[in-house]
Each structure stands twice: as C-alpha cells, then as structure tokens.
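One structure below.
Protein chains: 2
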Amino acid sequence: MTMADVARAAGVSVSTVSHVINDTRVVREQTRESVLQAIERTGYTHNTIARALVTASTRTIGLTIPVVTNPFFTDVVHAIETETSTASYTLLLVDSSDDPDHELRAVRALHGRRVDGMIIAPTSSAPGSALAYLAANSVPTVLVDRLASEDFDQVGPDNEEPTAALVQHFAELGHRRIGMVAGLPGLTTTKERLRGYRLGLARCELPYDAGLLVQGASQAEPARQAVHDLLARPNPPSALVVANNLMTIGALRALREAGKRVPDDVGLASFDDVEWADLISPRLTTMAPPRLELGRTAVQLLMCRLADPTRSPRTVRLEPTFIHRESCGCNPTRAGSPEPPAAREKP
Amino acid sequence: MTMADVARAAGVSVSTVSHVINDTRVVREQTRESVLQAIERTGYTHNTIARALVTASTRTIGLTIPVVTNPFFTDVVHAIETETSTASYTLLLVDSSDDPDHELRAVRALHGRRVDGMIIAPTSSAPGSALAYLAANSVPTVLVDRLASEDFDQVGPDNEEPTAALVQHFAELGHRRIGMVAGLPGLTTTKERLRGYRLGLARCELPYDAGLLVQGASQAEPARQAVHDLLARPNPPSALVVANNLMTIGALRALREAGKRVPDDVGLASFDDVEWADLISPRLTTMAPPRLELGRTAVQLLMCRLADPTRSPRTVRLEPTFIHRESCGCNPTRAGSPEPPAAREKP
DNA sequence: AGCGCTCGCGCAAACGCTTGCGCATCCTTG
DNA sequence: CAAGGATGCGCAAGCGTTTGCGCGAGCGCT
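The listed protein sequences correspond, in order, to chains C and A. In this text, residue positions in the first sequence follow the numbering used here: the first is 312, and each later residue adds one. In this text, residue positions in the second sequence follow the numbering used here: the first is 312, and each later residue adds one.
Okay, structure coming up:
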C-alpha cells in the first residue's frame with residue numbers, strides 16, 4: 312500500500328496522488344475523487360518518514376525532561392503537548408533521568424530522528440554535554456525551567472526574588488533561624504533559589520548559617536534524609552524553605568518522624584505547588600511557578616525560532632504566584648486567596 | 312554532512328562508511344579508523360529516518376495515554392520509558408485527552424511515522440476507533456491498564472476482586488451503606504470496578520442501592536461535585552470506595568467542605584494509591600495497582616509480539632496490593648505494612 | 001484554420017541510507 | 001608456479017515520497 316499502489320488503482324501517476332494528498336496543485340475534481348476512492352479502497356496510509364526524507368522536515372519536536380514522574384514536569388509537558396499538537400506537530404519524548412550522559416544520548420537519538428526542534432529541561436551545561444552538542448549541530452532548541460545558557464532561547468520561573476520572599480515572610484513572622492532544603496547541585500534552579508535564600512536572609516539582616524542548609528537532591532527520599540539530619544543538629548531551624556515539590560514530600564515525612572508539628576514547631580513553605588497542598592493539615596504555603604505557561608511559552612519560543620532561525624536568543628522569566636495557606640504559621644484570610652473554591656474550607 | 316561527505320573525506324565508498332557505522336561487515340582496521348576520523352572531522356550525524364526508509368524499521372514505539380498529568384499513567388510511562396530505552400527503542404508519546412477522536416488522530420500520526428509498535432491505554436474500543444484502525448492496519452499493539460479487547464495483547468490490573476475486597480473490608484467493619492465514586496463510563500476499568508463493587512455488596516448480602524453510587528468522570532473536580540451531591544442525599548453512605556487516584560482528591564475536598572470527618576463520619580478507601588497517602592490525616596487506605604510492573608509487562612508483551620507477530624494475543628492481569636492505612640477506620644498494626652519506612656510514623 | 005493559453009497531468013530526479021552482487025588483491029596450498 | 005579461497009571493498013538498485021519541468025489536449029480568439 313504505497314502511493315504507487317494507489318496510483319495504479321486510480322489509474323493516475325504517483326505525482327497526482329501526492330498532489331491530491333497534499334493539496335499542492337490543482338487536480339480535476341473527477342480525478343481527485345477517484346484517487347480518494349483508491350486510497351480508501353487500498354487502505355493506504357501516508358508514509359511520513361519517506362516524506363520527511365525529501366522535505367527535510369518531520370513536523371516533530373523532541374522533548375527531554377529529567378523525570379516524567381515529577382508533576383511539575385508533567386504539567387509542563389502537558390502544556391507543550393497541547394500547544395504543539397494544535398500546531399500539528401508531534402512530540403518525541405525522552406526521559407533524561409537527570410543524568411548528563413543519558414541526556415546526551417537522548418539528544419543524539421532525537422537529532423538522529425531529525426526532529427525539527429527541541430525543548431529541553433537541561434541537566435547539565437558542561438562542555439561535552441547535550442547543550443554543547445545541540446549548539447554544535449545548530450539544532451533549534453529552547454530550554455525550559457532550567458535556564459542554563461543565554462545562547463539558547465529559554466523560559467523559566469523567576470527563582471531568586473520569590474525564594475527571598477519566602478524567607479522574608481518567615482522573618483516577618485519572627486523567625487530567626489530559617490533553614491533551607493536545596494535541590495540537586497549544578498541545576499541552575501538550585502543555584503538561583505539558593506541565591507534567593509541568601510538574599511532574603513541578607514535583607515532581613517539575618518546571618519547566613521551553613522548549619523541551616525541541607526541538600527535534598529531534588530527528590531523526596533534524599534530530602535527526607537537531609538531534613539532528618541538537619542533536625543538532629545544542635546540548633547535546628549524554626550522554619551524551613553523547601554526548594555521544590557518532591558522534596559516537600561520528604562521534608563514532611565521527616566518532620567512527622569521527628570514528631571515536629573507544622574507550623575507550631577517548624578514553619579514550612581515550599582517553592583512549587585503540589586496538587587494536594589490543600590488536603591493536608593496544615594495546608595501548605597507555596598510559591599507556585601506557572602507550569603502551563605512555562606510549557607506554552609517554550610513552544611512559542613520554539614515556533615519563533617523555527618520561523619526565523621537567525622534571531623538572537625531570548626530569555627523569558629515567568630513570575631510564580633505566592634499561595635498563602637497555613638504551613639507558614641499564618642491563617643490568611645480566605646477571601647482573595649488564589650485557592651480554587653474546592654479548597655476554601657478548612658478541614 | 313551526509314554519508315557521502317564522510318566517504319569522500321575518508322577516501323572510501325558510502326557502503327564502507329555504512330558498514331563501519333553499523334558494524335555489518337568486516338572492514339580493515341586501518342580503513343575503519345580513517346572512516347571514524349572522517350566522521351569526527353565532518354561532525355556527521357546518522358540520519359535515522361533515511362535508514363528507516365530502507366530498513367522499514369524505526370526502532371521507535373508509539374505510546375498513547377489519556378492524560379500525561381495523571382501520576383498513575385506517568386508511572387506507567389516511566390516504566391515503559393526505562394524498559395524501551397534499554398532495548399534501544401525511542402518513545403513517541405501522545406496524549407489522547409481521553410477523547411476517541413483525538414486518540415484516533417494520535418494513532419494515525421504515530422502509524423504515519425511508522426512506529427514499530429504501539430502501546431496504548433485506550434479511550435474507546437468502538438468501531439471506527441483507534442483500536443479498529445490498529446487492527447485494520449495490523450500494527451503490533453498492546454493495550455495497557457484498560458483491557459478493551461482480547462484481540463490485542465493487553466495488561467492491566469485486576470479490578471473486580473480487589474474492589475470487592477474494599478467493599479467487604481468496610482462491611483466487616485460494620486458499614487451497611489457503602490457508596491462508590493465511579494469513573495468515566497465506557498472505560499473498561501470503570502466497568503470492572505463497578506462490577507467489583509456490586510460483587511462485594513452481594514457477598515456481604517448488602518443491597519445494591521443506586522442512591523449510593525455517583526459518577527466522578529475519573530477526575531478530581533467532577534468527583535468533588537459528585538461526592539458533594541452524594542452527601543446531600545437523604546441517606547448518605549457511611550463509607551466510600553473511590554475508583555481512582557484523581558477522584559480521591561475530589562472526594563477528600565468534598566468531604567472537607569461538607570464538614571465530614573474521615574473516617575469517623577465517612578470511611579474512605581480508594582483504588583489506586585497516591586504519593587501523599589501517608590501525609591494526610593488520616594492516612595489513606597488504598598488498593599494499589601503495580602504501576603511499574605504494568606509498564607514493564609506492556610513492553611515485554613510488545614517485544615514478544617514484534618519478535619513473533621503471529622502469536623495469539625495474551626491478556627495479563629496483575630494483582631494490586633492492599634495498603635492498609637487509616638482512612639478506612641482501622642488502625643492497622645504498623646509492622647508488616649507495605650509502607651516505606653518514611654511512612655510508618657503517625658503524625 | 002492557426003495561434004497561443006490555460007489546464008491537467010506524467011516523468012524522473014532527487015532525499016540519505018542499506019545491502020546483494022561481484023571484482024580485485026593477497027595468501028595458501030599442492 | 002598455478003589454482004583456489006579468503007579478504008576487503010565498490011557499484012548500483014532500491015526504500016516511498018516530493019517537485020521542477022514539460023507535454024498534450026482543449027479552448028477562445030483573430
């Protein structure tokens with residue numbers, strides 16, 4: 312069932328078949344009909360890869376994210392999926408496992424498949440990394456979430472100011488020892504949120520104390536361990552800023568294990584929101600990056616670049632929104648809270 | 312940077328280049344070296360699609376899931392990703408939005424890209440659906456989670472017995488009015504879990520009462536609405552079986568809004584586990600399907616089918632595990648519970 | 001009737017790779 | 001030293017499309 316078969320069945324040439332399929336030159340109505348029927352009859356399905364070979368375009372975009380199980384990224388992926396599919400592109404998704412080698416392999420595979428462009432939440436920007444490869448092969452690329460290099464189009468949340476705001480919030484509540492659970496070292500988001508942490512401290516004239524800082528590897532279990540250790544230290548924090556959603560799970564577990572009550576014993580606020588933030592008690596105060604917007608913007612940047620590969624790269628920062636609930640120790644007024652109606656009531 | 316360029320640079324023919332790349336016939340060590348160098352020098356990257364055209368194999372498998380934001384499916388996807396990538400396949404992922412039309416389009420796109428096989432969590436099995444298309448074009452396919460047709464290889468959790476077990480558990484606790492929040496009508500999982508619900512009732516000699524049953528569309532917000540309505544009915548249930556993870560979120564919100572305490576006012580147990588089941592109070596009793604195993608098995612089934620396209624289709628059922636926590640109204644012993652250590656302590 | 005247009009379509013050359021076939025060259029052996 | 005067998009490689013025919021070029025038929029005009 313190739314185009315040749317269809318052509319034979321319709322008594323025309325392959326070029327005519329191609330033209331009716333792509334609507335790329337005028338064909339007599341009668342002929343078009345018979346071709347359409349022949350397609351129907353033979354059950355022909357277009358071979359996109361043969362087409363790609365000659366047109367040098369696959370209408371496919373490659374997507375590389377660290378972990379497909381992180382709700383933050385799945386929301387981003389979802390937005391990207393929706394946006395690309397309305398532009399009639401298909402997504403090629405690969406999981407980089409937050410490992411530079413794996414990531415490079417993924418990017419290679421994607422490029423080998425001649426994706427038209429790539430969106431990637433980069434794990435590393437070291438030389439010899441996926442990013443270097445992409446630059447070397449001048450693949451149209453946009454970075455998402457982790458803003459690793461101004462040489463690419465990129466979109467991510469603002470990290471520094473919002474994290475500082477979280478710290479300042481705690482300080483205003485009277486906390487003097489504000490701890491932080493930081494993410495995987497090397498990620499730009501980790502660096503920026505850490506910088507925000509220190510910025511917040513400085514603004515409130517609180518000393519930076521390395522003893523209040525732990526590293527949670529951006530994941531739940533390492534974060535649990537880290538917070539566990541943190542709480543065992545001589546002079547533990549009275550408030551905790553957690554740098555992402557997954558680590559928040561770990562932090563909550565560690566706090567419970569240690570018998571600490573939130574927010575009475577330890578105040579808690581996290582960067583990135585979670586679906587169940589309003590289901591636990593106390594409800595979680597978070598700083599929520601606009602996940603969907605992030606994905607949408609990434610696609611838009613990519614489309615712009617595909618349209619004009621020569622334009623100079625843009626960096627877009629999107630503002631997170633502060634979702635003020637109770638784990639910080641406040642009991643914010645319900646009215647005007649950005650909570651959905653479902654979450655307005657206290658359990 | 313095509314193979315021809317490399318050949319020229321190395322002073323050999325394209326066939327030799329191809330053979331050293333694919334290691335598909337003996338090449339003098341010296342020649343191989345110079346080809347390898349030429350590849351390095353020219354920055355050549357293999358064109359997978361050109362190769363696919365001639366070998367008629369893309370080493371790509373297509374994956375269609377309803378919603379990429381549902382943690383159940385992302386775990387499945389993750390397992391599939393891991394498993395396929397170790398077999399050096401790449402994944403083409405599309406979101407069907409749980410919409411038959413969208414699904415059919417997705418499947419068409421995937422087939423047009425000549426994926427070697429497909430894994431799909433089908434939305435519909437109606438004639439004219441994606442499944443019909445796949446059968447008609449004899450695309451190697453395996454169904455995952457939703458077991459829609461014995462004509463395909465398929466793997467899903469056992470739904471009926473485990474759901475019945477949940478009902479029986481409540482009955483043993485003395486509940487007489489056990490309600491259910493069912494999923495999207497039309498899904499096989501919905502049907503099976505409903506059947507399990509009725510089976511459980513029958514076994515405990517409890518009457519089936521349509522007034523205890525609501526439909527939550529497999530999603531959080533509709534489920535919240537549904538449970539809201541359910542609780543407003545004259546004689547509301549004292550226990551609730553929720554048919555999936557997302558709807559559990561909705562149910563919890565509705566219960567809180569109605570001022571019902573779990574498990575004192577209403578017992579709760581859900582089919583499918585959630586990450587934060589141990590973080591809320593009371594901790595959630597769930598029936599957890601083996602998500603990773605589901606994904607892994609799907610890939611294995613597909614690999615078998617690719618190896619031997621003629622074998623007759625197999626259906627695999629995997630047993631969920633009962634995770635006995637507290638929302639059912641019990642205070643199960645901690646020892647021997649399948650909970651991770653992190654979750655053993657009560658807040 | 002002849003000219004030039006328009007209209008509709010077919011021919012065949014790519015696209016970048018794989019692979020069966022066959023030709024040198026060199027080594028082994030009787 | 002001739003013959004046969006390895007060994008190492010090139011040639012060219014595809015794979016299923018797209019697309020520039022060009023040709024024939026039909027039409028309106030003078």
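No residue lacks a Cβ here, since even glycine has one placed at the ideal position from N, Cα and C.
Where do the N-terminal and C-terminal ends of the beta strand (DSSP E) with residue i fall, by residue?
i                  : result
Ile-376 of chain C : 371 to 376
Val-405 of chain A : 401 to 406
Leu-517 of chain C : First-last for Leu-517 of chain C: undefined, no H or E at that position.
Met-429 of chain C : 428 to 431
Arg-625 of chain C : No beta strand (DSSP E) holds Arg-625 of chain C; DSSP gives it neither H nor E.
Val-525 of chain A : 524 to 526
Leu-454 of chain A : 452 to 455
Using DSSP bridges, identify the partner residues of residue i.
i                  : result
Ala-550 of chain C : C:Ile-489 and C:Gly-578
Ile-360 of chain A : Per DSSP, none; premise fails for Ile-360 of chain A.
Ile-277 of chain C : Because chain C spans 312 through 658 in this model, residue 277 of chain C falls outside it and cannot be assessed.
Leu-629 of chain C : C:Pro-468
Verify the CB distance criterion: does residue i have a CB-CB separation below 8 Å to chain A?
i                  : result
Val-553 of chain C : no
Ile-560 of chain C : yes
Val-405 of chain C : yes
Ala-654 of chain C : No answer about Ala-654 of chain C holds up, because its pLDDT of 35 lies below 50 and its placement is not dependable.
Ser-648 of chain C : Here the model assigns Ser-648 of chain C a pLDDT of 42, short of 50, so the residue's position is not dependable, and the following value carries that caveat. No, Ser-648 of chain C does not count as interfacial toward chain A.
Arg-645 of chain C : Reliability of the predicted coordinates at Arg-645 of chain C is poor, the pLDDT of 49 falling under 50, and the value obtained from them is presented with this limitation in mind. Taking Cβ atoms only, chain A never reaches closer than 8 Å to Arg-645 of chain C, which makes this a no.
Leu-402 of chain C : yes
Ile-431 of chain C : no
Leu-613 of chain C : no
Pro-382 of chain C : yes
Asp-386 of chain C : yes
Ala-420 of chain C : yes
As a quick exercise: from the options, pick the residue whose alpha carbon is nearest that of residue i.
i                  : options                                       : result
Ser-638 of chain A : A:Lys-571, A:Ala-618 and A:Pro-624            : A:Lys-571
Leu-566 of chain A : A:Phe-582, A:Asn-555, A:Ala-554 and A:Ser-549 : A:Ser-549
Leu-718 of chain C : C:Arg-616, C:Ala-569, C:Gly-494 and C:Val-328 : Any property of residue 718 of chain C remains undetermined from this structure, which presents chain C solely from 312 to 658.
Leu-590 of chain A : C:Ser-581, C:Ala-562 and C:Ala-599            : C:Ala-562
Ala-431 of chain C : C:Asn-448, C:Ser-407 and C:Tyr-355            : Looking at the sequence shown, residue 431 of chain C is not Ala but Ile. Measuring from the Cα of Ile-431 of chain C, the nearest candidate turns out to be C:Ser-407.
Ile-489 of chain C : C:Thr-626, C:Val-585, C:Leu-510 and C:Glu-503 : C:Leu-510
Leu-603 of chain A : A:Glu-392, A:Arg-564 and A:Val-365            : A:Glu-392
Arg-625 of chain A : A:Ile-634, A:Arg-636, A:Ala-521 and A:Gln-611 : A:Gln-611
Pro-433 of chain C : C:Arg-419, C:Pro-411 and C:Gly-439            : C:Pro-411
Thr-353 of chain A : A:Arg-506, A:Val-328, A:Asp-584 and A:Ala-446 : A:Val-328
I'd like the span of the alpha helix (DSSP H) that includes residue i, first residue to last.
i                  : result
Asp-464 of chain C : Segment 464 to 468 is the beta strand (DSSP E) holding Asp-464 of chain C; no alpha helix (DSSP H) there.
Arg-352 of chain C : 340 to 353
Leu-590 of chain A : That residue, Leu-590 of chain A, is in no alpha helix (DSSP H); it is neither H nor E in DSSP.
Gln-479 of chain C : 471 to 483
Arg-568 of chain C : It is Glu, not Arg, that sits at residue 568 of chain C in the sequence shown. Looking at the DSSP string, the run of the alpha helix (DSSP H) that includes Glu-568 of chain C is 556 to 568.
Would you say residue i reaches chain C, if we count a Cβ-Cβ gap shorter than 8 Å as a contact?
i                  : result
Thr-366 of chain A : no
Arg-607 of chain A : no
Arg-594 of chain A : no
Leu-563 of chain A : yes
Arg-425 of chain A : yes
Asn-448 of chain A : yes
Pro-658 of chain A : Residue confidence is low: Pro-658 of chain A scores 29 on pLDDT, short of 50, so the model does not pin down where it sits. No coordinate-derived value is stated.
Asp-576 of chain A : no
Glu-394 of chain A : no
Asp-316 of chain A : no
Ala-363 of chain A : yes
Ala-580 of chain A : no
How about residue i and residue j: are their beta carbons less than 8 Å apart?
i                  : j                  : result
Ala-363 of chain A : Thr-369 of chain A : yes
His-330 of chain C : Gly-606 of chain C : no
Ala-317 of chain A : Ala-349 of chain A : The identity of residue 317 of chain A in the sequence shown is Val, whereas the question assumes Ala. Yes. Within cutoff.
Gly-373 of chain C : Thr-359 of chain A : no
Leu-524 of chain C : Ala-493 of chain C : yes
Val-311 of chain A : Tyr-508 of chain A : Residue 311 of chain A lies beyond the range of chain A shown here (312 to 658); nothing can be said about it.
Leu-403 of chain C : Thr-371 of chain C : yes
Met-429 of chain A : Val-450 of chain A : yes
Val-627 of chain C : Val-466 of chain C : yes
Ala-554 of chain C : Thr-501 of chain C : yes
Asn-556 of chain C : Phe-383 of chain C : yes
Leu-517 of chain C : Ala-476 of chain C : no
Gly-527 of chain A : Ala-537 of chain A : yes
Arg-622 of chain A : Leu-595 of chain A : no
Could you check if residue i belongs to the surroundings of the ligand ATP, using beta carbon to heavy atom distance under 7 Å?
i                  : result
Ile-350 of chain A : Among the components of this structure there are no ligands whatsoever, and the ligand ATP is therefore not found.
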